[in-house]
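Position 140, counted from 1, in the sequence shown is what the working numbering calls 163; the numbers after and before it change by one each time, with no gaps.
Backbone N, C-alpha and C define an ideal beta-carbon position, used for all residues, glycine too.
Note that this is a predicted model, so its numbers are computed, not measured.
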Amino acid sequence: MSEVIRIKIYGKDKEGGTCHVQVIMKSIPKSMSCRLTCRNDEFFRNEINFYKHVLPALLEFQATKQVTDPFDNYPKVFMSHSDGESDFICLEDVSIYDFGSATRQVGIDLMHCKYILKTFAKFHALSFAMRDQDSEKFWEIKMKIFETYYHERLWGWYRKFWKVLCDICIDVVEKEYPNTKYVDKVKEFATPETYFKAVDAVNRTFDSGVISHGDSWTNNFLFKYQNGGPVDAKMIDFQFARCGSPVLDLSFFVYVCTDQKLRSEHYDEMLDYYYSVLAKQISEMGSDPSKVYSKHTFLFEVKKYSFFGLVFSFESTPILVIASEDNFDRNMPVSICDF
């Protein structure tokens with residue numbers, strides 16, 4: 024959804040010596056066909072609104088609390104601009120602090136999962152505590168971002184692509200599990216009605232809606248490593264930021280970014296770990312987790328909304344498994360009528 028370059032900005036320090044700052048410049052694609060097809064201007068506007076209005080308010084609220092391990096798992100933003108034509112975001116380059124990507128085709132282990140789940144829990148907890156203690160401010164910042172993917176207004180844009188994705192998924196299951204119940208299951212699921220179930224899920228924000236990431240696949244997390252293992256994580260790319268159940272983020276991550284073996288062995292452990300961190304953060308900010316988002320409510324929503332991860336896996340799994348050199352060329356001439 025963007026073009027990204029790394030820039031070094033050189034200058035002079037107070038003593039007259041040469042110094043530099045390293046930043047990431049994220050800009051709207053130059054290709055007009057790509058912009059129109061992918062609605063890049065909307066995604067940039069949503070992310071910039073998140074960085075300008077939503078994140079600062081959440082961090083300001085957090086700063087008034089005595090939190091042992093505050094949410095700081097994001098790159099700083101230095102400047103941004105949005106006009107639909109020359110949109111950009113200038114971000115801190117956290118690679119200078121030894122943060123980098125995991126290999127997306129390999130998958131991630133339990134330790135990586137726990138750092139991602141911890142990051143989600145710290146992030147989501149800010150919304151739960153603010154909703155409880157300053158609901159007016161929370162609903163004010165909620166209105167600054169908007170749904171960029173699952174909305175009735177977008178069905179005309181997404182309809183043909185959804186049909187292609189469904190056909191691909193059915194074909195894959197028929198080849199991998201021929202003449203099994205899974206073929207019937209995926210055919211029941213791969214329908215237009217499922218898209219509208221996702222629309223309904225993302226719009227149910229009154230009871231348990233939090234500011235959520237929205238695009239929680241592995242590439243949107245950077246890890247810091249020591250002795251061969253992760254010791255910290257940062258969350259990037261908030262173009263899909265929305266207000267919705269925290270389970271939307273979790274189900275996307277669990278069903279898109281983990282393999283069957285890890286889920287079979289550690290699924291309950293991952294859910295328990297996420298909720299334990301969430302409850303701790305909410306408590307430290309002065310709210311009662313059993314009242315604002317109980318374990319019972321959390322597990323109920325896990326059952327209700329986990330299908331959302333499968334919905335998004337239709338699109339994201341092919342992107343995850345394809346090698347970077349085989350990815351599509353955004354500058355390739357394309358007609359909007361082809362989609």
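His289: member of the alpha helix (DSSP H) spanning Gln283 to Glu307, first to last residue. Membership of Phe321 in any beta strand (DSSP E) is not indicated; the residue belongs instead to the alpha helix (DSSP H) covering Lys318 to Tyr328. Here Ile112 is near Tyr74, since their CB atoms are less than 8 angstroms apart. Cβ neighbours of Gly34 within its own chain (closer than 8 angstroms, five residues either side excluded): Thr41, Cys42, His43 and Val44. Each of Ala125, Asp64 and Met134 was checked against the Cα of His289, and the nearest Cα belongs to Met134. In the three-state scheme derived from DSSP, where H, G and I count as helix and E and B as strand, Arg58 is classed as helix. If you check the CB distance, Tyr278 and Leu333 come in under 8 angstroms.
Per DSSP, the beta bridge partners of Thr41 are Lys35. Assignment of Arg227 by DSSP, reduced to helix, strand and coil, places it in the coil class. In the three-state scheme derived from DSSP, where H, G and I count as helix and E and B as strand, Ile51 is classed as coil. Counting the other CB atoms within 10 Å of its CB gives Arg68 a total of 16 or more, which places it among the buried residues. In the three-state reduction of the DSSP assignment, Ser310 falls in the coil class. At least 8 angstroms separates the beta-carbon of Asp110 from that of Ile47. The beta-carbon distance between Ile305 and Ala148, rounded to whole angstroms, is 5 angstroms. This is short enough to meet the 8 angstroms contact definition. Taking C-alpha positions only, Tyr205 is separated from Gln283 by approximately 15 angstroms.
The beta carbons of Val300 and Lys141 sit about 5 angstroms from each other, so the pair counts as a contact at 8 angstroms. In the DSSP assignment, Met153 falls within the unbroken alpha helix (DSSP H) covering Leu133 to Gln156. Membership of Ala86 in the alpha helix (DSSP H) is indicated by the continuous run Leu78 to Ala86. DSSP, reduced to helix, strand and coil, places Asp255 within a strand of the structure shown. In the structure shown, Phe94 falls within a coil segment according to DSSP collapsed to helix, strand and coil. Around the C-beta of Pro215, fewer than 16 other C-beta atoms lie within 10 Å, and the residue is accordingly described as exposed. In the DSSP annotation of this structure, the continuous segment of the beta strand (DSSP E) that includes Val233 starts and ends at Val233 to Ser235.
Listed as beta-bridge partners of Val206 by DSSP are no residues whatsoever. Of the candidates Ser268, Asn243, Met166 and Val27, Val27 places its Cα closest to the Cα of Lys53.
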